[in-house]
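Here is the structure we will look at.
Chains as they are written, first to last, in the working numbering: chain A, 2 to 422; chain B, 120 to 487.
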């Protein structure tokens, strides 16, 4: 038995040896294209840990952003090493260590669940910079080489809400809605497919809802969670359930095309329903139903970070920017949007840019029937907001989202929104 | 051959081989690996136009290209073979323990629980407590289906399989209970600051103790199955329960005892996965290894050394495949395809080791 095994192993090793020799002359994979690295940037080697690959909208947006930023900062393509489909478990730590071994000077991970493994790697390798995108523990980690970054995605969710609000207004005025589209208080039903019930998602759907209300105030919203960032089937089913409740707009904070596809099918079968997507343009899967999508322009951050690495300056521990620096936007408007949407979108975007419009204006929402003038945000990661470190987020009449820390922190459940599960 | 006279002889008939000589068995397996690689090569080239040799070389580098990659491959190999070692006695007894996934998970849950609630204990005491708890939890998860089988002759395949889903739900429950930060649906790294309940770092790697533990287990399992009375009883029950009964073996007791052992070792591998590798708990703590280990155990015919080798092959494939995605721009699905094709050929060749095809107009061979 043992002999057999040994011989088997030997043969296998030999075989692999032959293959590895045969491949020696070749370059490992795709050779980098032009890439004009000057003296400084050639020292910068970027490692990227991605939760998915090009086939998944959220990751595709990151890949696009990194490629663009690398080009802007003159970092040659061969100095960017990609790790695709890295699970949110210790394989993230292994991937980070492997990237350090390959000589990376900075490592970026794109999913929230990677964070604690990135932090572990940051503690083990103090000479390498680690950035956990969308994370929230860097400020409290006590590590100078560990960073978080996010965009002010709530700003573009608000604007995508404006687009949806215009559509609702048009549908109501044209008398296209049936009684099932109104709730018991005669408000138009809106649906939202969310991933997980925590601040990032809550902040997003609240911004979306407030955007709709800024155009058409008489709406109520139902939120269904899928408990997954990417689940085409579950997102489609959630959208179907919401539409059978009578929802006319289906927003989403989940990464697949499941919901828009379901809405497109429903629209074709005669239902009145439209979709607002996330991350990527949904027009190819829902040409009639998709109004627009809220998206991040990650290249703004990556370009900033790569630039800092190139110049040897420090990367901010927490970074969050929005419309003002072009880090967020909405995608091309679909053919079904209401007349005048363009102008209304421009108006909202300009107001956000100039600072005259605050998405979480405390006068625009109530919690438990009351307007708020105070809400503390958890700053030490224990997820209550009763510690001395936790900071007040409402001043000057609005909730200061992503200012105290990069990751969204708005976790209030405002009136008019119901979580179904 | 009287009865075949009037009927047309089929084009191909299959006859069982008595046993194949060692040399031919190796040749058949090697041929299957080469064939698999050829098929993969053709597919890779046809679909992507990338030189398949580059792909294979990248795979090898991905698994063994640096010290940390070797450790990562070894860790994967150890976790996989630990479960396979646990499964071996059950399968040898022809008790279809499909429940390793669940047994690993419950072992992982209690390990994580110990790390969270008992982190005041000194590490020297905490680790043994974690070992004990994970063994007990795994053993309990193995015991339940065994009890039902022994008492009421229920179907153990279904019972163990269903226990997996209970364990998966249980894991989700505890992930939600311990989630940090709240609502994120992940537990995060447990005891990140003081590393309580983690395996100590030896030879520059936290995985060193996994290696020691699994090698020890595999030697012990080899001895247990080959040279002890228990091992003999297991193979008799596996060969025929009636024979075992006739020989005065208490079949129910052997069944229960063996499943306790099987579950305990799977539980222990849950402990290793949490305390030795991930330091967190999620449904991916088992990550399908409980099912892959079934393939490992069967392909190795329950031989401990062979199980280690096959685990190494699978760990190599997995880690190598990740590197293809990284370097060659092939996505995850492409690498999984390569793994699938290789496994298909390796499992398929067992058929030709056990059976011989006989062609109608082929050379007249004696038919047994």
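We put the CB at the ideal spot given by N, CA and C, even for glycine.
Model, not experiment: these values are computed from the prediction.
Item: I'd like to know if the region 145 to 163 of chain B and the region 458 to 468 of chain B are in contact, where contact means that at least 3 CB-CB pairs between them fall below 8 Å.; Value: yes
Item: Checking contacts by CB at 8 Å: is residue 118(A) closer than that to chain B?; Value: yes
Item: In terms of residue numbering, what span does the alpha helix (DSSP H) encompassing residue 209(A) cover?; Value: 200 to 216
Item: Use the C-beta contact count for residue 244(B): other C-beta atoms within 10 angstroms, 16 or more gives buried, fewer gives exposed.; Value: exposed
Item: Assign residue 85(B) to buried or exposed, taking buried as 16 or more other Cβ atoms, counted over all protein chains shown, within 10 Å of its Cβ.; Value: No information on residue 85(B) is available, as it lies outside the stretch 120 to 487 that chain B covers here.
Item: With three or more beta-carbon pairs closer than 8 Å as the criterion, would you say the region 87 to 107 of chain A touches the region 326 to 346 of chain A?; Value: no
Item: Between residue 381(B) and residue 209(B), is the Cβ-Cβ spacing less than 8 Å?; Value: yes
Item: By DSSP's criteria, residue 365(B) is part of a beta bridge. Which residues make up the other side?; Value: Residue 365(B) pairs with nothing; no bridge assigned.
Item: Around the Cβ of residue 25(A), are there at least 16 other Cβ atoms within 10 angstroms (buried) or fewer (exposed)?; Value: Only weak support exists for where residue 25(A) lies, its pLDDT of 35 falling under 50; the coordinates are left without a value.
Item: Look at residue 356(B) and residue 289(B) and say whether their C-beta atoms are less than 8 Å apart.; Value: no
Item: Which residue spans inside the region 232 to 319 of chain A form an unbroken beta strand (DSSP E) run of at least 3?; Value: 250 to 254, 275 to 279, 291 to 297
Item: Please list, in chain order, the chain A residues whose beta carbon lies closer than 8 Å to that of residue 308(B).; Value: 117, 118, 120, 121
Item: Of all the CB atoms in chain B, is at least one closer than 8 Å to the CB of residue 40(A)?; Value: Any reading at residue 40(A) needs caution, since the residue's pLDDT is 43, under 50, leaving its predicted position unreliable; the model's value is listed next. Chain B, which has no Cβ nearer than 8 Å to the Cβ of residue 40(A), makes this no.
Item: Residue 240(A): which of 197(A), 212(A), 192(A) sits nearest, CA to CA?; Value: 192(A)
Item: Mind pulling the chain B residues with CB within less than 8 Å of residue 56(A)?; Value: 450
Item: Where do the N-terminal and C-terminal ends of the beta strand (DSSP E) with residue 190(A) fall, by residue?; Value: 189 to 195
Item: Under a CB-based cut-off of 8 Å, is residue 80(A) close to chain B?; Value: no
Item: In whole angstroms, what separates the C-alpha of residue 318(B) from that of residue 269(A)?; Value: 58 Å
Item: At least one CB of chain B closer than 8 Å to the CB of residue 86(A): is that the case?; Value: yes
Item: Quick one: list the residues of chain A neighbouring residue 304(B), beta-carbon separation under 7 Å, in chain order.; Value: 197, 228
Item: Would you call the CB atoms of residue 259(A) and residue 237(A) closer than 8 Å?; Value: yes
Item: What does residue 188(B) reach in chain A if we use C-beta pairs closer than 8 Å?; Value: 99, 102
Item: Which residues does DSSP list as the beta-bridge partners of residue 83(A)?; Value: 49(A)
Item: Does the Cβ-Cβ distance between residue 275(B) and residue 372(B) come in under 8 Å?; Value: no
Item: Straight-line CA distance for residue 160(B) to residue 449(B)?; Value: 13 Å
Item: Kindly indicate which three-state DSSP category residue 148(A) falls into: helix, strand or coil?; Value: strand
Item: Measuring only the C-alpha atoms, how far is residue 57(A) from residue 304(B)?; Value: 20 Å
Item: According to the neighbour-count rule (16 or more other Cβ atoms, all chains shown, within 10 Å of its Cβ), is residue 62(A) buried or exposed?; Value: buried
Item: Assuming residue 368(A) and residue 412(A) make a contact with CB atoms under 8 Å, what is their CB distance in whole Å?; Value: With 8 Å as the limit, residue 368(A) and residue 412(A) do not qualify as a contact, their Cβ atoms being about 11 Å apart.
Item: What's the gap between the Cα of residue 14(A) and the Cα of residue 310(B)?; Value: Confidence is the limiting factor: at residue 14(A) the pLDDT is only 47, short of 50, which leaves the residue's position unreliable and the question unanswerable from this model.
Item: Taking all protein chains shown into account, do 16 or more other C-beta atoms lie within 10 angstroms of the C-beta of residue 422(B), making it buried, or fewer, making it exposed?; Value: buried
Item: Which residues, in order along the region 310 to 326 of chain B, keep a beta-carbon less than 7 Å from a beta-carbon of chain A?; Value: 311
Item: Among the candidates 175(B), 395(B), 474(B), 471(B), whose CA atom is the shortest distance from the CA of residue 331(B)?; Value: 395(B)
Item: Could you give the first and the last residue of the continuous alpha helix (DSSP H) run that contains residue 276(B)?; Value: 275 to 297
Item: Quick check: the Cα distance between residue 68(A) and residue 114(A), rounded to an integer number of angstroms?; Value: 23 Å
Item: Ignoring anything shorter than 4 residues, give me the alpha helix (DSSP H) runs that lie fully in the region 164 to 232 of chain B, in order along the chain.; Value: 171 to 183, 186 to 211
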